[in-house]
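Novice:
Residue numbers (this note's numbering): 1 to 145.
1) Skipping 5 residues on each side, what residues in its chain have a beta carbon closer than 8 Å to that of residue 17?
2) In three-state DSSP terms, what is residue 81?
3) Using the beta-carbon count (16 or more within 10 Å), is residue 67 buried or exposed?
4) Round the Cβ separation of residue 91 and residue 102 to the nearest angstrom and send it over; I've been treating them as touching at under 8 Å.
5) How long is the line joining the alpha carbons of residue 85 and residue 14, rounded to whole angstroms?
6) Does the segment 105 to 115 come close enough to the segment 130 to 140 to have 3 or more Cβ pairs within less than 8 Å?
7) Starting from residue 118, follow its DSSP beta bridges and name the residues at the other end.
8) For residue 2, which residues from the same chain have a beta carbon less than 8 Å from its beta carbon, with the 5 sequence-adjacent residues on both sides left out?
9) Since I believe residue 89 is in contact with residue 120 (beta carbons under 8 Å), could you give me their beta-carbon distance rounded to a whole number of angstroms?
10) Does the beta-carbon distance from residue 113 to residue 87 come in below 8 Å?
11) With burial defined as no fewer than 16 other Cβ atoms inside 10 Å of the residue's Cβ, what is the status of residue 116: buried or exposed?
12) With a 10 Å radius around its C-beta and 16 neighbouring C-beta atoms as the bar for buried, classify residue 47 as buried or exposed.
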């Protein structure tokens, strides 16, 4: 989410230097993103929060809570098994050729909800859909997918 805000240009357009603390969920927040963020908010601390079921970014200023951005990601049910979309996203983003991914659910008659991943690959990447399916099938946490 912070990566999207950095690319959107809002930090260039508005003065965000008053932000003192940033709470980031357990999605991938790369060192390049941290360096870019520090350019706009030089006096801020970045605090990483783990095991949140709903990804959230919280910006705190010196006076009050400035604003809260949130994506409503619930636990989805696939073949009667509850899975967290953020865990699947973290698995995909652990690959070096995947800077961003989002997992959404699509209603499906036989499987309650069907998870679909939208993956952004690095330019000139040699990673294919088949390779990701193979990686997921070998991963013990996601072997039911």
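The C-beta atom is built at its ideal place from N, Cα and C for all residues, glycine as well.
All of these numbers come straight from a predicted model, not from anything done at the bench.
Specialist: Judging by the given coordinates:
1) Mapped onto the chain shown, residue 17 falls at position 17. Taken in chain order, the residues that qualify are 40, 41, 42, 43.
2) Here residue 81 corresponds to residue number 81 of the chain shown, with the count starting at 1. If DSSP states are grouped into helix, strand and coil, residue 81 belongs with the strands.
3) Along the chain shown, read from residue 1 onward, the residue named residue 67 stands at position 67. Annotation note: pLDDT 44 at residue 67 (below 50); position unreliable, no value reported.
4) Within the chain shown, the letter at position 91 stands for residue 91. Within the chain shown, the letter at position 102 stands for residue 102. The pair is not a contact, with the Cβ atoms about 13 Å apart (cut-off 8 Å).
5) Residue numbering aside, residue 85 sits at position 85 when the chain shown is read from its first letter. Residue numbering aside, residue 14 sits at position 14 when the chain shown is read from its first letter. Using only the alpha carbons, I get a separation of about 32 Å.
6) Contact fails: fewer than three Cβ-Cβ distances are below 8 Å.
7) Position 118 of the chain shown holds residue 118. Residue 118 is bridged to 102.
8) On the chain shown, residue 2 is found 2 positions in, with the first residue counted as 1. Once the five neighbours on either side are set aside, the close Cβ partners of residue 2 are 22, 24, 29, 33, 37, 57.
9) One-based indexing of the chain shown puts residue 120 at position 120. One-based indexing of the chain shown puts residue 89 at position 89. Incorrect: roughly 12 Å between the Cβ atoms, too far for contact.
10) Reading the chain shown from its first residue, position 113 is the one you call residue 113. Reading the chain shown from its first residue, position 87 is the one you call residue 87. Their beta carbons are not under 8 Å apart, which means residue 113 does not touch residue 87 by this criterion.
11) Position 116 of the chain shown, counted from the start, is the residue given in the question as residue 116. Per the 10 Å Cβ criterion, exposed.
12) Taking the chain shown and counting its residues from 1, one reaches residue 47 at position 47. Residue burial is scored here from C-beta neighbours: residue 47 has fewer than 16 other C-beta atoms within 10 angstroms and is therefore classed as exposed.
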